[in-house]
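Here is the structure we will look at.
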Amino acid sequence: MAVAVGLAFTVAACAADEPAPIPTVTASAPPTAIPNPDPTLRPDGSALQNLDYFEFVLTAAVDDGAESGGAFVDALVEAGFERSAMEVTADRTTVNLDADSVQFSVLINDTCLVGQYGDDMGLHVAAFTVLATGTCLVGETEPVG
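Position one of the sequence shown corresponds to residue 33 (our numbering), numbered consecutively onward.
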């Protein structure tokens, strides 16, 4: 037993002389971000499949200074959406003031891609089922042609 106790003190004494290693952390390179490709029009796709592209086109139009319904319609047509499937609200109120916002839509099958833009509210987009009237927007709309 004395040998075991002596051996334990010897091992403990040796261990106390050497400092414990300090773990080190090596910095690794941050993961490389893989850029998401820009969405594209899916001509045979559903409205929901084209919602990201609809928003992408409208965001670019806002960045380019679009404010009128006609400017948003033109951007959507240029991006490949069908003009004949679109609706847009008036840029001016019935008392000839600037409208607080404009709404625009594209009907794809039985679903509407709807956008709304106003200086104070920004851009909002959504997909909705077509109304019972067969249209996307409620109320009076302007000719898109």
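Ideal placement from N, C-alpha and C gives every residue a C-beta, glycine not left out.
In this structure, Tyr149 is the residue among Thr64, Leu163, Asp132 and Tyr149 with its C-alpha nearest to the C-alpha of Ala98. Under the DSSP assignment, Phe86 falls outside any beta strand (DSSP E), being part of the alpha helix (DSSP H) whose first and last residues are Ala79 to Asp95. Boundaries around Glu119 are those of the beta strand (DSSP E), Met118 to Val120, since no alpha helix (DSSP H) includes it.
Each residue's CA atom was taken as its position, placing Asp123 and Ser133 some 8 Å apart. Per DSSP, the continuous beta strand (DSSP E) segment holding Val157 begins and ends at Gly154 to Thr161. The Cβ-Cβ distance between Asp70 and Phe86 does not fall below 9 Å. Take Gln135, set aside five residues on each side of it, and the residues of its chain with a beta-carbon closer than 6 Å to its own are Thr121, Gln148 and Leu169, in chain order.
Counted as a single uninterrupted DSSP element, the beta strand (DSSP E) harbouring Phe136 occupies residues Val134 to Ile140. Measuring C-alpha to C-alpha distances from Val176 to each of Pro63, Phe113 and Thr143 identifies Phe113 as the nearest. The alpha-carbon separation between Asn128 and Thr165 amounts to approximately 28 Å.
Just so you know, the alpha carbons of Asn68 and Gly171 end up roughly 38 Å apart. Counting of Cβ neighbours within 10 angstroms places Ile66 among the exposed residues, the total staying below 16. For Val146, the enclosing beta strand (DSSP E) covers residues Thr143 to Gly150. DSSP places Glu110 inside the alpha helix (DSSP H), whose first and last residues are Gly101 to Glu110.
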